[in-house]
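Q: If you use my numbering, the sequence shown corresponds to residues 4 to 268, in order. In this text, a Cβ means the ideal position worked out from N, Cα and C, and glycines have one as well. All values derive from a computational prediction rather than experimental measurement.
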Amino acid sequence: MADVAQTADDRPPQGPVKLARQLVIDTAAAMAASLGVAPFITIVDRAIIENASGARPLGRGLKELSVAFLQHPLRFVSKREFHLIFGLYTATYVAANAVDSVCEYVETDNQMPKFIGTTAVNMSLCIAKDRAFARMFGVIAPAAFPLSSIGLFAVRDSMTCAASFNAPKVLAKQIEDNGLMDKSGAGTFAQIFCPAAVQLLSTPLHLLGLDLYNNKGHAMAKRVGFVQREYVKSVLARVGRIGPAFGIGGVGNNYFRTSLRAKLE
4 MADVAQTADD RPPQGPVKLA RQLVIDTAAA MAASLGVAPF ITIVDRAIIE NASGARPLGR
64 GLKELSVAFL QHPLRFVSKR EFHLIFGLYT ATYVAANAVD SVCEYVETDN QMPKFIGTTA
124 VNMSLCIAKD RAFARMFGVI APAAFPLSSI GLFAVRDSMT CAASFNAPKV LAKQIEDNGL
184 MDKSGAGTFA QIFCPAAVQL LSTPLHLLGL DLYNNKGHAM AKRVGFVQRE YVKSVLARVG
244 RIGPAFGIGG VGNNYFRTSL RAKLE
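What follows is the structure, given as structure tokens:
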């Protein structure tokens, strides 16, 4: 009996100690996932902002910024725009992971807390990031951001968070239940598909919010024309951006979190 009995030191950590360790893992996984996708997102976000303001065409911006990153990666990651993106997505992943861990600890459903938590963090930081980018890379003198732009960005980010952290679980279950994919494949597909698909709806909100800042006083017909003109290429750019941000980044975050938690246990 003495050979099989566990001492207090041999037992896995329980209660608050285990939760604290899981939260450390949640943060480490979030930082690793964010580091992997932040350079690409920084390039796309800056290129979209510059295109919307007329500072530089989208295609040229994507090309020149990508070349700058490949030629001088350390210089690139030392810039403020990279720090803003890295901090934004680290905080968003941490929020999602922490809500999961706390809900698991108290044995309650995580769907609504996860939506509220990730939306609150992502929306507030993303709006702050967009304001900073518009001022840093626009062609007009820095000015106060209109409340209408902030409202549009808030709706945009709520849609993105729901499609990134809530919808994939529902879609993956439907795919698995219908026998279309196994559990792992369904989860990966849903995690990449949902955030990308919602860009069809959220991109007009993004473009209109930027136009309200860049071109104060324009008639609504002119704004609609701008959104229509920039819609297709902006959707493609944002789908390409959101794929790494919440698709590949989300898969990476889940992978790092699961792997590290397995080692903890």
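Thinking C-beta only, is residue 49 closer than 7 Å to residue 140?
A: Here residue 140 refers to the residue found at position 137 of the sequence shown. Here residue 49 refers to the residue found at position 46 of the sequence shown. Yes. Within cutoff.
Q: Between residue 24 and residue 104, what straight-line distance do the alpha-carbon atoms span, to the nearest angstrom?
A: Reading the sequence shown from its first residue, position 21 is the one you call residue 24. Reading the sequence shown from its first residue, position 101 is the one you call residue 104. Roughly 10 Å between the two C-alpha positions.
Q: What residue ranges within the segment 48 to 120 form continuous alpha helix (DSSP H) runs of no fewer than 4 residues, ordered along the chain?
A: Listed in chain order, they are 61 to 74, 76 to 80, 83 to 109.
Q: Does the beta-carbon distance from residue 218 to residue 164 come in below 7 Å?
A: Locating residue 218 in the sequence shown gives position 215, where the first residue counts as 1. Locating residue 164 in the sequence shown gives position 161, where the first residue counts as 1. For residue 218 and residue 164, no; Cβs fall outside 7 Å.
Q: Can you look up residue 207 in the DSSP assignment and give me helix, strand or coil?
A: Looking up residue 207 in the sequence shown gives position 204. Residue state, collapsed to three classes: helix.
Q: In the DSSP assignment, the alpha helix (DSSP H) including residue 255 goes from what residue to what residue?
A: Looking up residue 255 in the sequence shown gives position 252. Element bounds for residue 255: 252 to 267.
Q: Which residues in the same chain as residue 53 place their Cβ atom closer than 7 Å to its Cβ, once the five residues preceding and following it in sequence are excluded?
A: Residue numbering aside, residue 53 sits at position 50 when the sequence shown is read from its first letter. So the qualifying residues of the chain are 59, 64, 140.
Q: For the pair the segment 222 to 231 and the segment 207 to 214, tell me if three or more CB-CB distances fall below 8 Å.
A: Touching, yes, given that three or more Cβ pairs across the two stretches are closer than 8 Å.
Q: Leaving out five residues on either side along the sequence, give the residues of the same chain with a beta carbon under 7 Å from the beta carbon of residue 193.
A: Counted from its first residue, the sequence shown places residue 193 at position 190. Same-chain partners within the cutoff: 171, 174, 175, 178.
Q: For the alpha helix (DSSP H) that residue 198 lies in, which residues bound it at each end?
A: Taking the sequence shown and counting its residues from 1, one reaches residue 198 at position 195. Per DSSP, residue 198 belongs to the alpha helix (DSSP H) from 186 to 200.
Q: Where does residue 168 fall in DSSP's three states?
A: What you label residue 168 is simply residue 165 of the sequence shown in a count that begins at 1. Residue 168 falls in the helix class under three-state DSSP.
Q: What separation, rounded to the nearest whole angstrom, lies between the Cα atoms of residue 264 and residue 29?
A: Against the sequence shown, residue 264 aligns to sequence position 261. Against the sequence shown, residue 29 aligns to sequence position 26. So the two alpha carbons sit approximately 9 Å from each other.
Q: Leaving out five residues before and five after residue 238 in sequence, what residues of the same chain have Cβ atoms less than 8 Å from its Cβ?
A: Residue 238 sits at position 235 when you count from the first residue of the sequence shown. Contacts found: 202, 203, 206.
Q: Around the Cβ of residue 268, are there at least 16 other Cβ atoms within 10 angstroms (buried) or fewer (exposed)?
A: To locate residue 268, count along the sequence shown from 1; it is residue 265. Residue 268 is exposed by the Cβ-count criterion.
Q: Which same chain residues, not among the five before or five after residue 55, have their C-beta less than 6 Å away from its C-beta?
A: Translated into the one-based positions of the sequence shown, residue 55 becomes position 52. Answer for residue 55: 213, listed in chain order.
Q: Using the Cα positions of residue 94 and residue 101, report the straight-line distance between them to the nearest angstrom.
A: Looking up residue 94 in the sequence shown gives position 91. Looking up residue 101 in the sequence shown gives position 98. Near 10 Å, if we compare the C-alpha coordinates of residue 101 and residue 94.
Q: Give the C-beta separation of residue 122 and residue 161 to the nearest angstrom, bearing in mind that I take them to be a contact with Cβ-Cβ under 8 Å.
A: The residue you call residue 122 lines up with position 119 of the sequence shown. The residue you call residue 161 lines up with position 158 of the sequence shown. Contact holds; Cβ gap of about 5 Å.
Q: May I ask you to report which of helix, strand or coil DSSP gives residue 243?
A: Within the sequence shown, numbered from 1, the residue matching residue 243 stands at position 240. Reduced to three states, the DSSP call for residue 243 is helix.
Q: Thinking just about the alpha-carbon of each residue, which of 117, 42, 68, 88 is nearest to the one in residue 166?
A: Residue mapping note: residue 166 aligns to position 163 of the sequence shown, counting from 1. Ranking the options by Cα distance to residue 166, first place goes to 117.
Q: Quick one: measure Cβ to Cβ for residue 96 and residue 149, integer angstroms, because I've assumed they're closer than 8 Å.
A: Numbered from 1 along the sequence shown, position 93 holds the residue referred to as residue 96. Numbered from 1 along the sequence shown, position 146 holds the residue referred to as residue 149. Their Cβ separation, rounded to whole angstroms, is 30 Å, which puts residue 96 and residue 149 out of contact at 8 Å.
Q: Put residue 18 into one of helix, strand or coil per three-state DSSP.
A: Here residue 18 corresponds to residue number 15 of the sequence shown, with the count starting at 1. Residue 18: helix per DSSP, three-state reduction.
Q: Within its chain, find whatever has a CB closer than 7 Å to the CB of residue 69; leave out the 5 residues flanking it on each side and keep chain order.
A: Translated into positions along the sequence shown, residue 69 becomes position 66. Only 46 meet the Cβ criterion.
Q: By how many angstroms is the C-alpha of residue 84 removed from the C-alpha of residue 136?
A: Here residue 136 refers to the residue found at position 133 of the sequence shown. Here residue 84 refers to the residue found at position 81 of the sequence shown. Going from the Cα of residue 136 to the Cα of residue 84 covers about 7 Å.
Q: Is it true that the CB of residue 182 sits closer than 7 Å to the CB of residue 36?
A: Translated into positions along the sequence shown, residue 36 becomes position 33. Translated into positions along the sequence shown, residue 182 becomes position 179. Contact: no.
Q: Alpha carbon to alpha carbon, how far is residue 26 from residue 142?
A: The residue labelled residue 26 in the question sits at position 23 within the sequence shown. The residue labelled residue 142 in the question sits at position 139 within the sequence shown. When rounded, the distance between both Cα atoms is 42 Å.
Q: From this set, 198, 88, 21, which residue's C-alpha is nearest residue 254's C-alpha?
A: As a first step, residue 254 must be located in the sequence shown, where it is residue number 251. That would be 198, whose Cα lies nearest to the Cα of residue 254.
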